[in-house]
Amino acid sequence: MIDLVNVEVNYRGIKAIKGVTMHVESKVLLLGPNGSGKTTLLRAVAGIVPYLGSIRVDGTEVRSLKGYSSLSTNLPEVFSVGLTLGDVLSIFSDIKGLDGRRAVEMLREVGIRDLRQKTYSLSTGQSALFRTIVALATDPKIVLLDEPFENVDVAKRRKVLSWIKEYGKEGIVVTHELELASSFQELDSYLIFEGKVYGPVKVGELLSSVVTEGRDPEALLVVEVEGKEFSFVKGKEGKRMADIITLDRLYSM
Amino acid sequence: MKFPLYVAKRLITTPYLLFWAVIFVTLIDVMGAFLESREVPHIPEAEELYVSSWFGTSIIMSYGSAFTSLAFMVSYQTGSLPHLFRYSKMTPSQYLSGVVLGSVILSVVLGTYMLFLVYALFSSSFNTTFLPKDLPLAYLTFLLSGVFFSTFSVFLGALSYKYSRKLSNFFTLIPFILAFIFGFSYLFANLGNLVYINPLSDVQVLAISSFLGGQAPTGLIVISPPQPGASDILLTGSLIVWIVIVTVISSILLRRLYLNPVEEGKLF
Numbered sequence: 001m002i003d004l005v006n007v008e009v010n011y012r013g014i015k016a017i018k019g020v021t022m023h024v025e026s027k028v029l030l031l032g033p034n035g036s037g038k039t040t041l042l043r044a045v046a047g048i049v050p051y052l053g054s055i056r057v058d059g060t061e062v063r064s065l066k067g068y069s070s071l072s073t074n075l076p077e078v079f080s081v082g083l084t085l086g087d088v089l090s091i092f093s094d095i096k097g098l099d100g101r102r103a104v105e106m107l108r109e110v111g112i113r114d115l116r117q118k119t120y121s122l123s124t125g126q127s128a129l130f131r132t133i134v135a136l137a138t139d140p141k142i143v144l145l146d147e148p149f150e151n152v153d154v155a156k157r158r159k160v161l162s163w164i165k166e167y168g169k170e171g172i173v174v175t176h177e178l179e180l181a182s183s184f185q186e187l188d189s190y191l192i193f194e195g196k197v198y199g200p201v202k203v204g205e206l207l208s209s210v211v212t213e214g215r216d217p218e219a220l221l222v223v224e225v226e227g228k229e230f231s232f233v234k235g236k237e238g239k240r241m242a243d244i245i246t247l248d249r250l251y252s253m
Numbered sequence: 001m002k003f004p005l006y007v008a009k010r011l012i013t014t015p016y017l018l019f020w021a022v023i024f025v026t027l028i029d030v031m032g033a034f035l036e037s038r039e040v041p042h043i044p045e046a047e048e049l050y051v052s053s054w055f056g057t058s059i060i061m062s063y064g065s066a067f068t069s070l071a072f073m074v075s076y077q078t079g080s081l082p083h084l085f086r087y088s089k090m091t092p093s094q095y096l097s098g099v100v101l102g103s104v105i106l107s108v109v110l111g112t113y114m115l116f117l118v119y120a121l122f123s124s125s126f127n128t129t130f131l132p133k134d135l136p137l138a139y140l141t142f143l144l145s146g147v148f149f150s151t152f153s154v155f156l157g158a159l160s161y162k163y164s165r166k167l168s169n170f171f172t173l174i175p176f177i178l179a180f181i182f183g184f185s186y187l188f189a190n191l192g193n194l195v196y197i198n199p200l201s202d203v204q205v206l207a208i209s210s211f212l213g214g215q216a217p218t219g220l221i222v223i224s225p226p227q228p229g230a231s232d233i234l235l236t237g238s239l240i241v242w243i244v245i246v247t248v249i250s251s252i253l254l255r256r257l258y259l260n261p262v263e264e265g266k267l268f
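In structure tokens, the structure reads:
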């Protein structure tokens, strides 16, 4: 269970995350455009950046957490402990209980065979696949996945999707691609804009809603972007969320 | 834990380390043995001191280069540490001891190579046998050097990560820069009692003493009057004090480590 209460993250005095309160006890999607604070929020939960407020993972404050192996993430920073893919697998099997054999099988399924490759030499898509596979192959209870489909081709995306559904009981999956969100219709989703989090709302409902400018009293959700309010409303005429494809397009509406 | 073995394996197989800490120092030693040695008076004591000082210089240069690679490695790894200390079995103490253990393996391997190198090159050049006289002291020096440089590298890596990512390359080069500054200061300046204060001179002078089999002078530049011999006990004690100081600071920095993202810093 992840509990965030009034969480703020500052970079040099600028608030990247502004007073976020969330309660996560299943797998949820965090959707937001580029630069909205999705990765920063995951970094805070992953203990990588300092935060104000409270973030509790299974009841323990993250800043004082020690040795809790049931949470895994694919955030790139976490993988700099080893130089080659083989090094990372070896170290993670030692300190995170990674199932090395399963990880190698999964890597082969997505075409990554040479474990002597340096982690930084992987393409963006391969890197996302490698990190996501390592995170999932530790069989975590909680997963924090940041853009697991980034630059991954269609066939491999299907595999990753099935693994994300299979591994981890709860956690946060971050993406800015709404097309992929449609594969998680039954999950709750949160939206993040300019460091503020809105939700939860079912992914299916969100995608079938239309986006209108202004505050609609029947809205599933009202968000604020660049000082303007937008409502996500069901059963009305307008631009459907599912057709927007990426949330960055909200800025041009 | 596989981590110390990983550190040792990565350090020993790093091409930059092999070049700077082994090949480059070997080339310098060749010059010392076959070119610069022509000016050494044919007096056994002078030759022994000359060879021993080359051993000390080789050790400090080799370690300075090698542990620059370690500082780079630690600086690269620090990004993952705040997460792993919370969400894995790895603790700051285990990480530090892993780095120390891997580094001690490296310092012993490099030190042993330098022993053979200096023995082989200088014995061949002077046509006489120069064997290290105090091997236990030599290996104690290798061991303490490994511990000092590893904790110092962690200190530098954590410091650059915490305060200035932009200067991280400079921070990681500090062992190399200091090794050359202090290595040559001992040879070309009269450091006197300063050899007891700075840890790099401690390493260098202890290495010289171990090869010489007696107290090394506190400076080589002044021959007359002869400089007093440096106390091995004081040098060892000073090095241990430095190790304790740097270890404590590194442990504190590691426990308070957080990512200081360069990218976001530029964005805002």
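Line by line, the protein sequences give chains A and B. Just so we're aligned, residue 1 is where the first sequence starts under full-length UniProt numbering, counting upward by one. Just so we're aligned, residue 1 is where the second sequence starts under full-length UniProt numbering, counting upward by one. We put the CB at the ideal spot given by N, CA and C, even for glycine.
- Sixteen is the threshold: since fewer than 16 other Cβ atoms of the shown chains lie within 10 Å of the Cβ of Val241/B, the residue is exposed.
- Residues of the stretch 1–16 of chain B whose Cβ lies closer than 7 angstroms to any Cβ of chain A, in chain order: Met1, Lys2, Phe3, Tyr6 and Arg10.
- Across the set Tyr87/B, Ser150/B and Asp232/B, the C-alpha of Asp232/B shows the shortest separation from the C-alpha of Asp134/B.
- With fewer than 16 other CB atoms across the displayed protein chains lying within 10 angstroms of its CB, Ala46/B is exposed.
- Taking 8 angstroms as the upper bound for CB-CB distance, Arg56/A and Asp3/A are in contact here, some 4 angstroms apart.
- Considering only Arg240/A, Phe92/A, Thr132/A and Gly47/A, the residue with the shortest C-alpha distance to His83/B is Gly47/A.
- At least one CB of chain A lies nearer than 8 angstroms to the CB of Ser88/B.
- Beta-bridge pairing by DSSP links Val20/A to Val7/A.
- If you ignore the 5 residues before and after Ala219/A, its C-beta comes within less than 7 angstroms of the C-beta of Ser231, Phe232 and Val233, all in its own chain and listed in chain order.
- In the three-state reduction of the DSSP assignment, Pro92/B falls in the helix class.
- Taking the CA atoms as reference points, Ser208/A sits about 57 angstroms from Thr151/B.
- His42/B counts as exposed, since fewer than 16 other beta carbons sit within 10 angstroms of its beta carbon.
- Taking all protein chains shown into account, Gly214/A has fewer than 16 neighbouring C-beta atoms within 10 Å of its C-beta and is therefore exposed.
- Going by DSSP, Lys38/A is part of the alpha helix (DSSP H) stretching over Lys38 to Val45.
- For Gly157/B, not one C-beta of chain A is nearer than 8 angstroms to its own C-beta.
- For Tyr68/A, the C-beta contacts it makes with chain B under 9 angstroms involve Arg86, Tyr87 and Ser88, in order along the chain.
- Look at Phe193/A here: in three-state DSSP terms it is strand.
- Within chain B, the residues Ser80 have their CB atoms less than 8 angstroms from the CB of Phe79/A, given in chain order.
- Using a CB distance cut-off of 8 angstroms, Arg43/A counts as an interface residue toward chain B.
- Note that the C-beta distance between Arg157/A and Leu259/B is not below 8 angstroms.
- Using a C-beta cut-off of 8 angstroms, the stretch 60–78 of chain B makes contact with the stretch 94–111 of chain B, since at least three inter-stretch Cβ pairs fall below that distance.
- Within 10 angstroms of the beta-carbon of Lys38/A lie 16 or more other beta-carbons, which makes it buried.
- Here DSSP, grouped into helix, strand and coil, assigns Val28/A to strand.
- About 6 angstroms separates the CB atoms of Phe92/A and Val134/A; that is less than 8 angstroms, so the two are in contact.
- Note that the stretch 159–170 of chain B does not touch the stretch 117–124 of chain B; fewer than 3 beta-carbon pairs, one per stretch, sit closer than 8 angstroms.
- Rounded to the nearest angstrom, the Cβ distance from Leu159/B to Ile243/B is 17 angstroms, too far for a contact under 8 angstroms.
- Excluding sequence positions up to five before and after His23/A, its CB lies within less than 7 angstroms of the CB of Asp3, all in the same chain and listed in chain order.
- Distance from the CA atom of Phe182/B to the CA atom of Gly102/B, rounded to whole angstroms, is 25 angstroms.
- For Glu45/B, the uninterrupted alpha helix (DSSP H) run begins and ends at Pro44 to Gln77, by DSSP.
- Nearest CB-CB separation between Ala46/A and chain B: below the 8 angstroms threshold.
- Burial check for Leu131/B: the Cβ neighbour count within 10 Å stays below 16, so the residue is exposed.
- At least 8 angstroms separates the CB of Leu18/B from every CB of chain A.
- Counting the other CB atoms within 10 Å of its CB gives Pro199/B a total of 16 or more, which places it among the buried residues.
- Burial state of Ala181/A is buried, judged by a 10 Å Cβ sphere holding 16 or more other Cβ atoms.
- Around Val62/A, the beta-carbon contacts reaching into chain B at under 8 angstroms are Arg86.
- With a threshold of 8 angstroms between beta carbons, Pro33/A makes no contact with chain B.
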